[in-house]
Structures are given as structure tokens and as C-alpha cells.
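I have placed the structure first, in the form of C-alpha cells, so that the comments after it can refer back to it.
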Amino acid sequence: FKKKAISQQKLDQVSAKYTAMLASKQLAQSQIETARASLHLLEILLKDHEVRSPIAGHVSARYVDAGNMSSTSKPIVRISREDVVKIVTTITEKDYPLIKKGMNAQIFVDAFPGKSFEGTVTVINPTLDPSTRSAQIEIRIRNKPLVLRSGMFAHILLSLGQRQALVVPREALNRLPGTGSYYVFCAEGDKAVLKNISVGEIQGNYAEVTEGLKEGERVIIRGQNRVKDGSPIKVVTQWQGAEEG
Numbered sequence: 001f002k003k004k005a006i007s008q009q010k011l012d013q014v015s016a017k018y019t020a021m022l023a024s025k026q027l028a029q030s031q032i033e034t035a036r037a038s039l040h041l042l043e044i045l046l047k048d049h050e051v052r053s054p055i056a057g058h059v060s061a062r063y064v065d066a067g068n069m070s071s072t073s074k075p076i077v078r079i080s081r082e083d084v085v086k087i088v089t090t091i092t093e094k095d096y097p098l099i100k101k102g103m104n105a106q107i108f109v110d111a112f113p114g115k116s117f118e119g120t121v122t123v124i125n126p127t128l129d130p131s132t133r134s135a136q137i138e139i140r141i142r143n144k145p146l147v148l149r150s151g152m153f154a155h156i157l158l159s160l161g162q163r164q165a166l167v168v169p170r171e172a173l174n175r176l177p178g179t180g181s182y183y184v185f186c187a188e189g190d191k192a193v194l195k196n197i198s199v200g201e202i203q204g205n206y207a208e209v210t211e212g213l214k215e216g217e218r219v220i221i222r223g224q225n226r227v228k229d230g231s232p233i234k235v236v237t238q239w240q241g242a243e244e245g
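Residue numbering for the sequence shown follows my numbering, beginning at 1 and increasing consecutively.
Following this line, the structure appears as C-alpha cells:
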């Protein structure tokens, strides 16, 4: 009987340990489920706080640092595309009717002297700035092999067609001090005659004259800084001057 009682006591001890282990297992399982739920919640929060750029490119500017407060109304970074770059420039009121979407443009960048890039006019502002009488346009360039960078200075060449124009050598132009008005000296007989002119486009070594001169008039391109209106002159051609010298 005593031996049987000892066996029952051991059985009760084993049963108690089993019950305790089962409770520990259930507690551990409950803790695991709680941890999984917390992990899932953190994954959701992380996903909600992850910022993805809609375009591929590189960060060209950062406006906030880690730990700073931000909002949906404020930018965090600026992403610049690398495969396509955009040039924003202005055109004058006179050239506005001549610029069309899809027009080809030739781009020259100071960083690559002697090299040109092909671009296309993609945006033309429908309104002009009343203070400057100019409008903004956008030109896009396929940036391959990824050499152009945001902030580079560019020169743009747009072909607006051909037209007849009266031009004079750029060196013949004189400007009235304190004004934007131009004048030239013409050779009429043996006298220098001052003529006020209106200048259009200036390209390279030549300037377009829109008013003040007629075709065939001879302009003075050497020594005009030493004559006045009505000064006596002797016309010497370039060939004669070279021979005499």
C-alpha cells in the first residue's frame, strides 16, 4: 500500500510538470503570435512610410535630413532623370510664331566644346511675359551616354527658316552712348555720312539692318571712330589697302 502511494505521488508530480509545460508551450505560442502580429504591423507601417520615386534617376537635391519632421506638402528630395534632360529657355515675341512643337534643336554645352546634342521642342508656353515680351519653351534631349547633368549651361540653335535680309559687317556698327540705338557711317562721294539704323538679328560677324539703309550703300568698316558726320574721306578698298601697305 505504501509503495502504491509513492507511485501515485510521482504520478501526480509528473502530471503537474506536464500541465506546467503545456501551459508554458501555450504561453510561448501566444507570445509568438503576438510577435508575428507586431512584426506584420511594423511591416505595414514601414511600407506606409517608404517613399518611392515615380521615375528613375539620381538625387540632385535633398531638402530634409533623417529625423526631421516632414509632410506631404513639402518635398523631401529632388530626383533628376538621367536618360532624358530638359532645357528651359525663352524666346522673343518676334520668334514666337515661328517656334513649333516637334521642331529640332541643336544644343551646345560649355562642358563639351565642339560637340552638339540633338533635342526636340516639347512645350511652348501659351502666354508671354508682359514685362519681357518673351515666352518659355522646353526642349528635351536624349541623354546618352548619360553625360549631361542638371545645372549645365547650354546654347541652343533653332532653325527658323530662311529669309532675305539686308546685312552689314558687325564691325561697322556704332552705338550711341547711354542708349541702345545704332548708327553707321556711309561713304557718299568724298564725305562720311552718319545714318541712324535699326538692327534686327546679330549672328556671327553680320548684323541685320531693318531700317535706315538701302541695298548698295557703302558702309565704312575701318576708321569710323576717327570720322564725324560730314568728314572728308578717301575710300580705299581692301585690295588697294593691302597693295599700298
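The C-beta atom is built at its ideal place from N, Cα and C for all residues, glycine as well. In this text, all values refer to a predicted model and were calculated from it rather than measured experimentally.
Cβ separation of residue i and residue j, assumed to be a contact under 8 Å, to the nearest whole Å
i, j, result
"Arg142", "Lys86", "That belief does not hold up - the Cβ atoms of Arg142 and Lys86 are roughly 12 Å apart, past 8 Å."
"Gly114", "Ala105", "Gly114 to Ala105, Cβ: 18 Å. No contact."
"Lys195", "Gly212", "5 Å"
"Val199", "Tyr182", "5 Å"
"Glu82", "His58", "6 Å"
"Val219", "Val168", "5 Å"
"Ser131", "Glu93", "Wrong, their Cβ atoms sit about 12 Å apart, outside the cutoff."
"Glu171", "Ile221", "5 Å"
"Ile79", "Ser53", "5 Å"
Residue i in three-state terms, based on DSSP
i, result
"Asp129", "strand"
"Pro232", "strand"
"Arg251", "Lying before the first or after the last residue shown, residue 251 is absent from the chain, which here runs from 1 to 245."
"Ser80", "strand"
"Ser134", "strand"
"Glu93", "coil"
"Ala37", "helix"
"Lys247", "An answer regarding residue 247 cannot be provided, because it is not within the stretch 1 to 245 covered by the chain."
"Val227", "coil"
"Glu50", "coil"
"Ser24", "helix"
"Thr72", "coil"
"Ala16", "helix"
"Ile44", "helix"
"Ile32", "helix"
"Gln240", "Only weak support exists for where Gln240 lies, its pLDDT of 46 falling under 50; the coordinates are left without a value."
Counted within 10 angstroms of its Cβ, other Cβ atoms place residue i as buried (16 or more) or exposed
i, result
"Phe1", "At Phe1, the pLDDT of 46 sits below 50, so the modelled position is not reliable; the number obtained from the coordinates is stated separately. Burial call: exposed."
"Phe112", "exposed"
"Ile44", "exposed"
"Val64", "exposed"
"Ile107", "buried"
"Gln31", "exposed"
"Glu244", "Its pLDDT being 41, under 50, Glu244 is placed unreliably in this model, and the value from its coordinates should be taken loosely. The residue in question, Glu244, is exposed, as its Cβ has fewer than 16 Cβ neighbours within 10 Å."
"Gln306", "The question about residue 306 has no answer here: the residues shown for the chain are numbered 1 through 245."
"Ala61", "exposed"
"Ile202", "exposed"
"Ala192", "buried"
"Ile55", "exposed"
"Ala207", "buried"
"Val209", "buried"
### Query
Fully enclosed by the region 139-211, which beta strand (DSSP E) runs are 3 residues long or longer?
154-158, 167-169, 182-188, 191-203 and 206-211
### Message
With a threshold of 8 Å, are at least 3 pairs of Cβ atoms found where one atom belongs to the region 180-190 and the other to the region 144-151?
### Response
no
### the region 88-105 in contact with the region 120-131 per 3-pair CB rule at 8 Å
yes
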